[in-house]
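Note that my numbering has the sequence shown beginning at 2, numbered continuously upward.
Glycine included, C-beta positions come from ideal geometry on N, C-alpha and C.
Only a predicted model underlies this, so the values are computations on that prediction, with no experimental measurement involved.
Working notes, beginning with the structure itself.
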Amino acid sequence: MLIKHKLSIFSAVFFLLLLLFTLANTFLFEKIHSNVQLMEDISNINRKHDALRHSITEFCKVGKYWGYSGDFKYRRMYDEKRQAVLKSFGDLAPYMENRRDFHLVGQMFQKVDSTVSSILSFRDPVGDQKVVVLVRQLDEGELQILSLLEDTSEESLSRLQEVSQNAEKMKKSLSFYILLIVIVFFVVSFALSLLLSQTFSNP
């Protein structure tokens with residue numbers, strides 16, 4: 002009876018430990034999954050940042066290249082490139098936490114749009130000093146927008162790095178727990194097998 006009693010207690014402790022380790026691993030897996038999802042979301046935001054910066058750069062080229070070359074194809078590209086910028090703004094807007102900076106970017110773009118429109122209003126822009134001045138203003142406006150967008154993008158990159166580091170720590174913790182479970186499982190299984198053999202040999 003004594004061995005059987007020990008066997009019951011040992012089995013109960015074994016299953017309790019197994020349950021605790023299972024719950025701990027489930028919790029860690031869920032945390033890792035949520036971190037991975039957050040990393041995907043932040044990466045998606047960074048892609049939208051890149052798309053907005055690219056669309057603004059392409060839009061500014063319309064004014065610059067018209068001023069440099071007077072090629073009518075750039076005037077025809079105005080509506081298309083402008084719509085691309087507005088679409089990129091719309092795609093990024095729901096994810097922007099700093100609404101003040103995002104609103105400021107919008108105001109800056111309105112000024113850039115006005116400058117591009119002024120450049121396109123010249124029928125013969127090449128060599129016109131007024132156009133040269135406007136192109137310089139356009140360069141400055143573009144640089145200001147891209148710099149501000151870069152600052153807001155760095156916030157997302159910092160968060161992405163932090164989440165990535167946390168996920169790496171959790172992976173290490175998970176590996177440790179899995180190894181611990183395997184060791185405990187084999188040790189307890191061996192002890193149980195000894196108790197079982199004693200129980201059957203001494204009923």
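Expressed to the nearest angstrom, what Euclidean distance is found between the alpha-carbon atoms of residue i and residue j?
i    : j    : result
Q145 : K170 : 38 Å
I120 : Y75  : 11 Å
S118 : D140 : 14 Å
D129 : G64  : 14 Å
V132 : D80  : 20 Å
K32  : Y69  : 55 Å
F123 : H34  : 56 Å
M2   : L181 : The predicted model places M2 with a pLDDT of 49, which falls under 50 and marks its position as unreliable; any figure quoted below should be read in that light. The alpha-carbon atoms of M2 and L181 are separated by roughly 32 Å.
R48  : F22  : 39 Å
D152 : L39  : 20 Å
F222 : W67  : Here the chain comprises residues numbered 2 to 204, so residue 222 is not present and cannot be evaluated.
L195 : N26  : 29 Å
L20  : A13  : 10 Å
F191 : S9   : 15 Å
N99  : V106 : 11 Å
Of the residues the options, which one's Cα is nearest the Cα of residue i?
i    : options                  : result
L29  : F187, F177 and V136      : F177
A72  : L180, P126, F16 and L150 : In the sequence on display, residue 72 carries Asp and not Ala. Comparing Cα-Cα distances from D72 to each of L180, P126, F16 and L150, the minimum goes to P126.
R54  : S122, F187 and D92       : D92
K112 : A13, A52, N47 and I57    : I57
S148 : V86, F90 and M109        : M109
I43  : Y96, E143, F60 and L195  : Y96
K82  : V106, N45, E98 and C61   : C61
A52  : F16, H104, R101 and L87  : L87
Below 8 Å on the Cβ atoms is my contact criterion, and I expect residue i with residue j to pass it. Report the Cβ-Cβ distance as a whole number of Å.
i    : j    : result
V185 : L24  : Between L24 and V185 the Cβ distance is about 14 Å, and since that is not below 8 Å, they are no contact.
Q138 : T116 : 5 Å
L150 : H50  : 6 Å
Is any beta-carbon of chain B found at less than 7 Å from that of residue i?
i    : result
R100 : Of the protein chains in this structure there is only one, and it is not chain B.
Where do the ends of the alpha helix (DSSP H) carrying residue i lie?
i    : result
S118 : R100 to L121
V86  : Y79 to L93
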